[in-house]
Amino acid sequence: FIAKSGIVRDAPPSEDKECLICNEPIEPGNSVSLPCNHKFCFDCFVRHISIKFLEGKAQFGINCPQANCTAKIYPSKVREVFLITGVTDFSKGGRVIPGEVAVEQFTRLIQEDFIRSKKGSMCYCPHPTCNYVAIRKDLLRKDVRCLCGNTFCFQCGHELHVPATCEMMEDWDKLNNSQSLDDIWIEANTKPCPRCNAPIEKTKGCLRMVCRCSYIFCWDCKKDWKKTHDENRHFFCTTPENQRPSLLESMKAKDFIEYKNLYSSRLDDHKKLVAQARKQLAEIHQKIDAYKQCNKCDDMTAEFIRDCAATLVKCREFLLNSIILGFFSKTSKAKEFFDYQQKELQMSIEELSKLMELPAAQIERMEMMHISTISIQHLEKLIKHFSEDGLERLQESEQPKQLENEITIQWK
């Protein structure tokens, strides 16, 4: 297995006096010997590893240049050579990649290949200026908070959306594109022409509809107007109500629009709160400095203010995304339980938000830390609940499983 993988033990130095690539005599001190006992002149070896590097195959391991040899060249050897020579791209007029840059790119390729092999447990932070790698220890959790400050979903790489799923976020985005909204509006506010199916909108009280295909019909019963209706009574349908087409579909569409608009309004309100909390966190050093001055304390003592501001941001983000989860959730006992927990978290962070707005001189350290601790513990339990089976239970009608050690908020 080790041999098939290209891993070989160091062999005794080769006694070859000719390069195995160009077949030219090898000058003393100008050769490279590999652990597989194959020996090459330095120039041929450099060209070989440079070509593999430029082909984008270096991250999979570069084989020994000798035909039918599966031994891999040690990455340390590639770095050593690149650092001396750099990489020359002869296909682009001899463009040279400096040694340090080539080594950095080579190392990055190996690292990326390793991370790809660990898909599901490791990934890069998607922020364009960040090089950190996230390591997923709990496979049920998808929320990532990078050291650079960026937050994202481990599964889709987009902005953090816990507790909503990636599929919910995708469906919500599709629902909000102009074409989807237009289709829903047309279904709710128009009827198809009985002849050509073109959507017809009724703008006034008259029931006599004239389509662009020249067909004239009744809005209520959709029958041919000339055959069944009085030309002098445009506001009256002669067809009995029990014989008219059902309005169920258009009513469903109208109800859906109202339902969707309600959640969109809530989402807009929470987006403003999230933006406000993030701005407050970005400027928190001012309040920390003011608190230190008022209380004559050090940085460590005043750091709780930053922690509380970060807690507020995390909870605001969770509540923002929980609105989308609520939109796609079925009406059930689990939904009622979710709404209750949502309100409980909302209450605690509103209290925390009030404390964060106080002037530095009025801040009570223990009170603020108490409310912040309650909020963050409640948040963590909710995240754990939804990462385990909470999402599935929102699609069921049975009694929901209570949160383990459920927190009851107690106000001072």
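Everything in the sequence shown is counted per UniProt numbering, starting at 1 for the first residue and increasing by one. Ideal Cβ positions, reconstructed from N, Cα and C, are used throughout, including at glycine. Since this is a predicted model, take the numbers as computed values, not measurements.
- Pairing phenylalanine 42 with valine 78 gives a Cβ-Cβ distance that is not under 9 Å.
- Serine 375: member of the alpha helix (DSSP H) spanning 365-385, first to last residue.
- The beta carbon of phenylalanine 386 sits closer than 6 Å to the beta carbons of Pro163 from its chain, once the five residues preceding and following it are set aside; these are given in chain order.
- Distances from the CA of lysine 92 to each of Phe60, Ile51, Cys19 were compared; the closest alpha carbon is that of Ile51.
- Unbroken alpha helix (DSSP H) stretches of 4 residues or longer found wholly inside the UniProt domain "RING-type" (19-65): 42-54, given in chain order.
- Spatial neighbours of threonine 129 in its own chain (CB-CB distance under 8 Å, excluding positions within 5 residues in sequence) are listed in chain order as Cys148.
- Histidine 370 sits away from leucine 320, with the two beta carbons spaced by 9 Å or more.
- Listed in chain order, the alpha helix (DSSP H) runs fully inside the region 252-333 are 284-295, 299-302, 304-328, counting runs of at least 4 residues.
- Counting only residues of its own chain and dropping the five nearest sequence neighbours on each side, glutamine 66 has a CB closer than 7 Å to the CB of Leu20, His38.
- Between the alpha carbons of threonine 70 and glycine 99 lies a gap of roughly 27 Å.
- The beta carbons of methionine 168 and isoleucine 374 sit about 28 Å from each other, so the pair does not count as a contact at 8 Å.
- Per DSSP, cysteine 123 is one residue of the beta strand (DSSP E) stretching across 122-124.
- Nearest neighbour of tyrosine 74 by Cα position, chosen from Gly94, Asn68, Ile49, turns out to be Ile49.
- Take alanine 360, set aside five residues on each side of it, and the residues of its chain with a beta-carbon closer than 6 Å to its own are Lys287, Ala290, Tyr291, Cys294, in chain order.
- The beta carbon of alanine 58 sits closer than 8 Å to those of Ile49, Lys52, Val78, Phe106, Leu109, Ile110, all from its chain and outside the five residues before and after it, given in chain order.
- Under a 10 Å Cβ-count criterion, glutamate 27 is classified as exposed, with fewer than 16 other Cβ atoms of the shown protein chains found around its own Cβ.
- Our two residues, histidine 378 and leucine 345, have alpha carbons roughly 7 Å apart in a direct line.
- Taking the Cα positions, methionine 356 is about 17 Å away from glutamate 317.
- In the structure shown, lysine 137 adopts coil according to DSSP, grouped into three states.
- Take the alpha-carbon of aspartate 339 and the one of asparagine 177: they are about 27 Å apart.
- Judged by their CB atoms, histidine 127 and cysteine 146 are nearer to each other than the 9 Å cut-off.
- Annotation: phenylalanine 327 to lysine 142 spans about 20 Å, alpha carbon to alpha carbon.
- Threonine 228 is positioned such that its CB atom lies closer than 9 Å to that of cysteine 218.
- With fewer than 16 other beta carbons inside 10 angstroms of its own, threonine 331 counts as exposed.
- For cysteine 166, the uninterrupted alpha helix (DSSP H) run begins and ends at 166-175, by DSSP.
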